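Peer 1: What follows is a single structure, and I will ask about it in a moment.
There are 2 protein chains.
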Amino acid sequence: MARPRSFDPDHVLHAAERQFRTSGYNGTSVDDISAATGLGRGSLYAAFDGKHGVLLQSMAGYFARLGQFAPKALAGPDEGALERLHAYLLRAVHGVPLAADVPPAPDRAAAACFAAKMALEIGASDSEVKRLANDCFSVLATAVAECVRAAQRNGDIDPDADPDDLAYLLLTVIRGTDVVGAYGHSPARLTSIAESAFALLPRPRHH
Amino acid sequence: MARPRSFDPDHVLHAAERQFRTSGYNGTSVDDISAATGLGRGSLYAAFDGKHGVLLQSMAGYFARLGQFAPKALAGPDEGALERLHAYLLRAVHGVPLAADVPPAPDRAAAACFAAKMALEIGASDSEVKRLANDCFSVLATAVAECVRAAQRNGDIDPDADPDDLAYLLLTVIRGTDVVGAYGHSPARLTSIAESAFALLPRPRHH
DNA sequence: ATGGTTCTGTACTGGGTTGTCAATAACGGC
DNA sequence: GCCGTTATTGACAACCCAGTACAGAACCAT
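This is the structure we're talking about:
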């Protein structure tokens, strides 16, 4: 028995995320968020508790999308596991993949992992942000490690290799391409880096 | 026949760099820089042309130190090349090494490559910063690639591998550890990632 | 010693920022 | 149709910030 809100919180948080990604946290003002989302300052404070609240909730939404997409893209039968890993790696170096069809962003710097950007910018002084970013990484790490295990079961990756170590390494490469991409390197260069990493994965020794 | 400046520009730029690394560019005010360096606003504007000038010049100083240290740490006879690469990799994942003895920083997030942090935060809207950051990367890439070639000549790395590709990959891993370190992962974890990357370097096939 | 020149510190200004508040509008149960 | 409840809007005050201007201090050549 009250007035319902006239906006979709998810849509608003997504627009705010885009703004944070392009301008950074400290480079984004509340007015910027207001313009990007169409909400007035009052609504922003009432619904999301101001700038910092918007950041935390938009990161949470990002986390949720990531936790839904990545396992779906990587899980599956053992036979195709290595190929799924390959495809994920190639997609990831061109921006964090969050949906099956939509390309992440035209500008590679803004396509960098949202969690990574925020962690590097303000993670040192904002433990909440740091924790959220780490959660994002963890959900990816377990999904990748599981895919590596599947590839090992299928005889495509050396069974003696530690799947968790490999997953961490691959994700570190992906996060590294966020940085290298921000330097302005071409997509072709990023693809080449991803292919090199993939090619170095330890293959099983033929007896 | 005029009053000489009472400060050491290099020392000032270094202090400013520390400030930028810990607070980011937009998170650092001119007063912060003033407090960190001891200089008044007037001197800052006269000597470095304000906040943006301080950033550019401190990045240039960082670039100069990097361009001096990295080649020195990686160059040398072919016999020890692989071991030098190993040592550099291990040092690098704990923060950009800029001198032989000094550890980079107690806080891993602030130890991340200065150029990388700035490129991710404001590189999209500041092409000068982007260019400087890319220069930093280039000087490292050529030094690492040269070391890879030396290791290849010594028979420690597969001669069929492309040394430039390997160099890009290794540097991407290092930049990735900057991000993973900012998430709060332990130094042991970062070391483990570096060791995994090193272990996957392609060894020459024994005939 | 003195004057010209450059550094240094501080005060000031115009603009931008955040967070809050009160007035208004919209909705649904009754 | 009315009323309580909640969203929305716009404005407002306190504050912070970048950049400038000016006055004073330090130096060196003469």
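So the sequences go chain by chain: A and B.
Residue numbers are given in this note's numbering: position 145 of the first sequence equals residue 145, and the series is strictly consecutive.
Residue numbers are given in this note's numbering: position 131 of the second sequence equals residue 131, and the series is strictly consecutive.
A virtual CB, placed ideally from N, CA and C, is assigned to each residue, including glycine.
All of these numbers come straight from a predicted model, not from anything done at the bench.
To the nearest angstrom, how far is the alpha carbon of A/Met59 from that of A/Phe114?
Peer 2: Going by the C-alpha atoms only, they are around 7 Å apart.
Peer 1: With a threshold of 8 Å between beta carbons, is A/Phe63 in contact with chain B?
Peer 2: No, no contact with chain B.
Peer 1: With 16 as the cutoff for other CB atoms within 10 Å, does B/Val30 come out buried or exposed?
Peer 2: By the 10 Å Cβ count, B/Val30 comes out exposed.
Peer 1: When burial is assigned at 16 or more other CB atoms within 10 Å of the CB, is B/Ser7 buried or exposed?
Peer 2: As written in the sequence, residue 7 of chain B is Phe, which differs from the Ser given in the question. Exposed, because fewer than 16 other Cβ atoms sit within 10 Å of the Cβ of B/Phe7.
Peer 1: Using beta carbons (cut-off 8 Å, strictly below), is B/Asn26 in contact with chain A?
Peer 2: Output row for B/Asn26: interface = yes.
Peer 1: Would you verify that the beta carbon of B/Asn134 is, or is not, closer than 8 Å to some beta carbon of chain A?
Peer 2: Chain A contact via Cβ: present.
Peer 1: From B/Asp162 to A/Leu44, what does the alpha carbon distance come to, in whole angstroms?
Peer 2: If you take the alpha carbons of B/Asp162 and A/Leu44, they lie about 52 Å apart.
Peer 1: Name the residue from A/Leu13, A/Glu128, A/Ala105, A/Ala47 whose alpha carbon lies nearest to the alpha carbon of A/Pro4.
Peer 2: It is A/Ala47.
Peer 1: Any beta carbon from chain A within less than 8 Å of B/Thr191's own beta carbon?
Peer 2: So, not an interface residue.
Peer 1: Would you kindly work out how many angstroms separate the C-alpha atoms of A/Arg189 and B/Asp126, rounded to a whole number?
Peer 2: Going by the C-alpha atoms only, they are around 22 Å apart.
Peer 1: Distance, Cα to Cα, B/Arg84 vs A/Arg41?
Peer 2: For B/Arg84 and A/Arg41, the distance between alpha carbons rounds to 56 Å.
Peer 1: Would you tell me roughly how many angstroms separate the C-alpha atoms of A/Lys173 and A/Pro9, rounded to the nearest one?
Peer 2: The question names Lys, but residue 173 of chain A in the sequence shown is Val. Going from the Cα of A/Val173 to the Cα of A/Pro9 covers about 33 Å.
Peer 1: Is it buried or exposed for B/Gln152, if we count other Cβ within 10 angstroms and need 16 for buried?
Peer 2: Buried, because 16 or more other Cβ atoms sit within 10 Å of the Cβ of B/Gln152.
Peer 1: For a contact defined as C-beta to C-beta under 9 Å, what are the partners of A/Val54 on chain B?
Peer 2: Simply none; closest approach about 17 Å.
Peer 1: Can you confirm whether B/Thr172, when its beta carbon is compared against all beta carbons of chain A, has any partner nearer than 8 Å?
Peer 2: Judged by the 8 Å Cβ criterion, B/Thr172 is in contact with chain A.
Peer 1: Going along chain A in order, which residues have a C-beta closer than 9 Å to the C-beta of B/Pro202?
Peer 2: What B/Pro202 touches in chain A: Ala199, Leu200.
Peer 1: Roughly how many whole angstroms lie between the Cα atoms of B/Ala111 and A/Met118?
Peer 2: Rounded to the nearest angstrom, the two C-alpha atoms are 16 Å apart.
Peer 1: For A/Glu128, which of B/Leu169, B/Tyr183, B/Phe137 has the nearest alpha-carbon?
Peer 2: Ranking the options by Cα distance to A/Glu128, first place goes to B/Tyr183.
Peer 1: Given that B/Gly38 touches chain A, what residues does it touch there, using C-beta distances under 8 Å?
Peer 2: Residues of chain A passing the Cβ test: none, with the nearest at roughly 23 Å.
Peer 1: With respect to the alpha helix (DSSP H) encompassing A/Ser6, which residues constitute its N-terminal and C-terminal limits?
Peer 2: Taken as a continuous stretch (DSSP letters only), A/Ser6 belongs to no alpha helix (DSSP H), as it is neither H nor E.
Peer 1: Using a Cβ-Cβ cut-off of 8 Å (strictly less than) and excluding sequence neighbours within five positions of A/Phe69, which residues of its own chain qualify?
Peer 2: Here the set comprises Pro97, Leu98, Ala99, Ala100.
Peer 1: Residues of the region 173 to 187 of chain A with a CB closer than 9 Å to any CB of chain B: list them in chain order, please.
Peer 2: Per Cβ criterion, the list reads Val173, Ile174, Arg175, Gly176, Thr177, Asp178, Val179, Val180, Ala182, Tyr183, Gly184, His185.
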